[in-house]
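Heads up: the protein sequence lines correspond to chains B and U, in order.
Here our numbering is used: the first residue of the first sequence is 1, the next is one more, and so on.
Here our numbering is used: the first residue of the second sequence is 1, the next is one more, and so on.
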Amino acid sequence: MTIAAARMVKNGTALFVGIGLPSAAANLARLTHAPDTILIYESGTIGTKPNVLPLSIGDGELAETSDTVVGIVEIFNYWLMGGKIGLGFLGAAQIDKFANINSTVIGPYGKPKVRLPGAGGAPAIAASCGEVLVTLRHSTKAFVEKLDFRTSGGHMEGGDSREKMRFPGKGPVAVITDLGVLTPDPITKELLLTSVHPGVTVEQVVAATGWPLKVASEVKTTPLPTAAELQVLRDLNERTAKAHGGQA
Amino acid sequence: MAKILPLSEAIAEFVRDGDTIALEGFTHLIPYAAGHEIIRQKRRNLTLVRMTPDVLYDQMIGAGCAIKLKFSWGGNPGVGSLHRLRDAVEKGWPQPLAIEEHEHAGMAVAYAAGASHLPFGILRGYAGTDLTPHTTVQFIDCPFTGEKLAAVQAIRPNVTVIHAQKADRKGNVLLWGIVGAQKEAVMAADRAIVTVEEIVDKLDAPPNAVILPTWILSAVAEVKHGAFPSYTHGYYPRNNAFYKQWDVISKDRDTFLAWIDKHIMNTKDFAEFRRSVGVA
Numbered sequence: 001m002t003i004a005a006a007r008m009v010k011n012g013t014a015l016f017v018g019i020g021l022p023s024a025a026a027n028l029a030r031l032t033h034a035p036d037t038i039l040i041y042e043s044g045t046i047g048t049k050p051n052v053l054p055l056s057i058g059d060g061e062l063a064e065t066s067d068t069v070v071g072i073v074e075i076f077n078y079w080l081m082g083g084k085i086g087l088g089f090l091g092a093a094q095i096d097k098f099a100n101i102n103s104t105v106i107g108p109y110g111k112p113k114v115r116l117p118g119a120g121g122a123p124a125i126a127a128s129c130g131e132v133l134v135t136l137r138h139s140t141k142a143f144v145e146k147l148d149f150r151t152s153g154g155h156m157e158g159g160d161s162r163e164k165m166r167f168p169g170k171g172p173v174a175v176i177t178d179l180g181v182l183t184p185d186p187i188t189k190e191l192l193l194t195s196v197h198p199g200v201t202v203e204q205v206v207a208a209t210g211w212p213l214k215v216a217s218e219v220k221t222t223p224l225p226t227a228a229e230l231q232v233l234r235d236l237n238e239r240t241a242k243a244h245g246g247q248a
Numbered sequence: 001m002a003k004i005l006p007l008s009e010a011i012a013e014f015v016r017d018g019d020t021i022a023l024e025g026f027t028h029l030i031p032y033a034a035g036h037e038i039i040r041q042k043r044r045n046l047t048l049v050r051m052t053p054d055v056l057y058d059q060m061i062g063a064g065c066a067i068k069l070k071f072s073w074g075g076n077p078g079v080g081s082l083h084r085l086r087d088a089v090e091k092g093w094p095q096p097l098a099i100e101e102h103e104h105a106g107m108a109v110a111y112a113a114g115a116s117h118l119p120f121g122i123l124r125g126y127a128g129t130d131l132t133p134h135t136t137v138q139f140i141d142c143p144f145t146g147e148k149l150a151a152v153q154a155i156r157p158n159v160t161v162i163h164a165q166k167a168d169r170k171g172n173v174l175l176w177g178i179v180g181a182q183k184e185a186v187m188a189a190d191r192a193i194v195t196v197e198e199i200v201d202k203l204d205a206p207p208n209a210v211i212l213p214t215w216i217l218s219a220v221a222e223v224k225h226g227a228f229p230s231y232t233h234g235y236y237p238r239n240n241a242f243y244k245q246w247d248v249i250s251k252d253r254d255t256f257l258a259w260i261d262k263h264i265m266n267t268k269d270f271a272e273f274r275r276s277v278g279v280a
């Protein structure tokens with residue numbers, strides 16, 4: 001999943017990264033096929049090249065290995081909403097068929113079953129980056145007919161409804177999960193299953209989706225991870241575990 | 001001119017019951033020592049403002065200091081939920097907590113508006129989200145193009161508290177690294193308290209370093225390791241183990257109360273607190 005997500009990153013892209021899975025995939029891309037990718041975290045670190053994955057969005061590692069660090073007002077106003085960022089990379093707790101995402105609350109807002117941290121930079125990332133990738137694990141709990149809370153706008157109600165919102169960016173172009181890859185239909189904007197990972201069947205993905213998932217006429221199989229990709233990811237995870245576990 | 005004071009005196013003089021208060025910091029430089037002193041001095045009915053409330057606000061909320069929280073991302077970074085925050089919002093313990101929930105971009109422009117003495121900040125934001133009913137956002141038409149934009153009420157804290165690397169003996173403050181919204185939060189506030197790792201004869205700062213001049217600050221207090229378990233760039237790293245332990249300490253009301261009692265209420269200052277949790 002991390003490898004499939006990393007492959008979506010084109011070399012040289014200015015990439016606004018969320019913490020967790022997106023951060024792992026973005027760094028893997030930088031350490032493999034996309035060495036000139038410019039990683040930007042919302043803590044204001046621009047062009048950061050962390051040796052280990054950050055535990056939080058403001059780890060010192062991100063500042064120490066960055067080209068520059070700017071304040072929060074500047075990173076959001078001039079860089080993100082100012083239209084300088086080509087790609088946004090987000091995680092989510094829930095996603096719907098038009099790739100709108102929830103990272104606020106599971107259950108009712110006033111009486112939540114799970115209270116998540118909330119929006120953070122996600123709505124601005126979803127609205128303002130040229131394109132957006134979303135990565136999350138596939139299950140009927142996560143891929144839902146109706147979100148409990150819409151934190152960030154994807155393709156809204158489908159069709160041209162996002163265009164009417166006049167968001168600066170194009171919105172989600174792919175959703176990468178542990179089972180496959182979904183991409184929005186060019187007209188309806190509804191997510192279509194376009195690729196399954198090796199060993200995964202189309203039926204499995206449909207069964208793990210909480211709405212009747214549409215399947216592309218030709219579903220590809222994601223190419224197997226290469227030995228080099230696996231090695232780089234393993235090394236990165238090992239360095240990370242050592243760094244965070246070792247700090248008393 | 002800022003007064004150079006012991007932290008306890010700075011809090012006693014400049015933080016009042018019922019204040020709207022921002023203890024800012026974006027993972028880095030979180031003013032833990034000052035937050036603990038506010039708990040120790042039993043300030044009540046505070047409206048807490050911060051983009052990224054984490055363990056410090058969890059402690060202050062659980063200790064009964066707050067009646068309202070204004071925020072845009074609330075969690076224990078890399079660990080999980082804030083149990084005291086949840087308990088206050090969902091069950092009203094130890095007292096009900098109102099929340100006003102934003103997105104980061106909105107809080108950022110609201111601080112900038114506060115620092116600029118404007119009534120609101122504007123951005124292309126909040127549209128297409130379910131956040132609007134939970135905030136003070138209104139949508140306005142651009143007078144030039146007619147575009148619909150979000151207006152977010154300016155944040156004007158009664159008092160802002162931050163931590164920084166160092167100050168000189170006049171109270172000019174230097175900070176660097178991830179600086180978040182601290183400058184805006186200080187400049188938006190009526191009063192500002194800064195804790196620093198050290199007070200030195202000369203700051204030796206290059207031009208453009210983030211310096212907050214003494215004449216816009218109320219008080220500067222020297223507190224070594226004052227951001228622990230957060231970090232101070234150039235001084236000490238983040239204590240990730242403490243953030244993980246907090247998940248266990250804060251889950252249960254009694255365990256939490258016993259912890260606050262032992263480590264904050266029954267210690268006289270931050271140095272003694274640090275000794276009591278075994279890190280100094």
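Note that beta-carbon positions come from the ideal geometry of N, C-alpha and C, so glycine has one too.
Predicted model only: the values in this text are computed from it and were never measured.
query: When you compare each of U/Phe-120, U/Gly-121, U/Ile-122, U/Thr-129 to B/Pro-123 by their alpha carbons, which one comes out closest?
result: U/Thr-129
message: Given this structure, state the Cα-to-Cα distance separating U/Lys-202 from U/Ala-167, to the nearest angstrom.
response: 8 Å
Given 8 Å, three or more beta-carbon pairs between the stretch 115–125 of chain U and the stretch 75–90 of chain U: no
Under the three-state DSSP convention, the category B/Glu-229 falls into: helix
field: Residue nearest to U/Tyr-236 in terms of C-alpha spacing, selected from U/Ala-12, U/Val-15, U/Lys-3, U/Ile-30
entry: U/Ile-30
message: If you measure between the beta carbons of U/Ile-193 and U/Ala-10, is that distance less than 8 Å?
response: yes
query: Taking Cβ-Cβ distances shorter than 7 Å, what residues in chain B pair up with U/Trp-259?
result: Simply none; closest approach about 19 Å.
field: Identity of the residues DSSP links to U/Asp-141 by a beta bridge
entry: U/Lys-148
message: Please list the terminal residues of the continuous beta strand (DSSP E) segment that includes U/Val-173.
response: 173–175
Secondary structure, beta strand (DSSP E): runs of 3+ residues fully inside the stretch 139–188 of chain B: 172–176, 180–184
field: Which listed residue (U/Asp-54, U/Asp-269, U/Leu-175) has its alpha carbon closest to that of U/Ser-230
entry: U/Asp-54
Counterpart residues of B/Val-9 in DSSP-defined beta bridges: For B/Val-9, which the question treats as bridged, DSSP gives no partner whatsoever.
- prompt: Going by DSSP, what residues sit across from U/His-163 in a beta bridge?
  reply: U/Thr-195
task: From the DSSP output, read off the bridge partner residues of U/Glu-100.
output: U/Lys-70
- prompt: Taking the DSSP output, what are the residues bridged to B/Gln-94?
  reply: B/Asn-102
message: Would B/Ile-72 pass as an interface residue toward chain U - the criterion being a Cβ-Cβ separation below 8 Å?
response: yes
field: U/Phe-228 to B/Val-219 span [Cα, whole Å]
entry: 52 Å
Option in U/Phe-242, U/Gly-146, U/Ala-63 with minimal Cα separation from U/Arg-253: U/Ala-63
task: Give the residues of chain U in contact with B/Gly-120, contact being defined as C-beta atoms less than 8 Å apart.
output: Thr-52, Ser-72, Trp-73, Glu-103, His-104
- prompt: Is DSSP giving B/Arg-239 helix, strand or coil here?
  reply: helix
- prompt: Under three-state DSSP, which class holds U/Asp-201?
  reply: coil
- request: Mind checking who U/His-36 pairs with in its DSSP beta bridge?
  value: DSSP lists no partner for U/His-36.
query: Cβ of B/Val-73 within 8 Å of Cβ of U/Ala-108?
result: yes
task: Report the residue from B/Leu-224, B/Leu-230, B/Thr-183, B/Pro-108 whose alpha carbon sits nearest the alpha carbon of B/Val-215.
output: B/Thr-183
message: Please classify B/Arg-166 as buried or exposed, where buried requires at least 16 neighbouring CB atoms within 10 angstroms.
response: exposed
- prompt: Which partner residues does B/Leu-192 have in the DSSP bridge list?
  reply: B/Thr-183, B/Lys-214
message: Taking the beta carbon of U/Cys-142 as the centre, do at least 16 other beta carbons fall within 10 Å, making it buried, or is it exposed?
response: exposed
message: Please list the terminal residues of the continuous alpha helix (DSSP H) segment that includes U/Tyr-243.
response: 240–251
task: Measure the Cβ-Cβ separation of U/Pro-77 and U/Thr-27 and say whether it is below 8 Å.
output: yes
- prompt: Cβ of B/Ile-101 within 8 Å of Cβ of B/Ser-152?
  reply: yes
query: What whole-angstrom Cβ distance do B/Asn-27 and B/Leu-62 have, given they're in contact under 8 Å?
result: Contact flag wrong, Cβ pair sits at about 11 Å.
- prompt: Which residue from U/Glu-197, U/Arg-191, U/Arg-156 puts its Cα closest to that of U/Trp-176?
  reply: U/Glu-197
field: Cβ of B/Gln-247 within 8 Å of any chain U Cβ
entry: Confidence at B/Gln-247 is low in this model, with a pLDDT of 43, below 50, so the placement of that residue should be treated as unreliable; the coordinate-derived value is given next. Yes, its Cβ sits closer than 8 Å to a Cβ of chain U.
- prompt: If you draw a straight line from the C-alpha of U/Gln-138 to the C-alpha of U/Ala-151, how long is it?
  reply: 5 Å
field: N- and C-terminal bounds of the beta strand (DSSP E) containing U/Leu-23
entry: 20–23
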